[in-house]
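Engineer: For what it's worth, the working numbering labels the leading residue of the sequence shown as 716, then goes sequentially. C-beta: ideal position from N, C-alpha, C; glycine also.
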Amino acid sequence: MNKNRYLLCLLLCGLMLYYAAPRMGVFNGGTEGIFAISWLALALFVIAGNLTALLFAPKKADASGKQVRKMADRKRVRSFGR
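1. Three-state secondary structure (DSSP) at G729?
2. Taking its Cβ as the centre, do 16 or more other Cβ atoms sit within 10 Å of N765, making it buried, or is it exposed?
3. Excluding the 5 residues preceding and the 5 following G748 in the sequence, name in chain order all residues of the same chain whose CB lies nearer than 8 Å to its CB.
4. Check V881 in the structure and name its three-state DSSP category.
5. Span of the alpha helix (DSSP H) holding A751?
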């Protein structure tokens, strides 16, 4: 589920970069140039964070029979005899 969200965020960020990057004046002076550089830096941070989360997400381990029994025993102990 989370992988779909990360992929969606990456695609949306790529779409925004595709639309906005040609229209930004990075080499303009004043606040326009500062805004363009900071916006592009923030977009790169978003891309890097989502790629990191997508590529390095921990894999879910398959529950073996022993693990399932241990979890069931723990549940019984916590249920106080019900």
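Structural biologist: In brief:
1. Position 14 of the sequence shown, counting from 1, holds the residue named residue 729. Per DSSP, reduced to three states, the secondary structure at G729 is helical.
2. Counting from 1 along the sequence shown, the entry for residue 765 is found at position 50. By the 16-neighbour rule on beta-carbons within 10 angstroms, N765 is buried.
3. Locating residue 748 in the sequence shown gives position 33, counting from the first residue. In the same chain as G748, and ignoring 5 residues on each side of it, the C-beta atoms closer than 8 Å to its own belong to G740, V741 and F742, in chain order.
4. For residue 881 there is no data in the structure shown, the boundaries of the chain being 716 and 797.
5. For the purposes of this step, residue 751 is identified with residue 36 of the sequence shown, where counting begins at 1. First-last of the alpha helix (DSSP H) with A751: T746 to L770.
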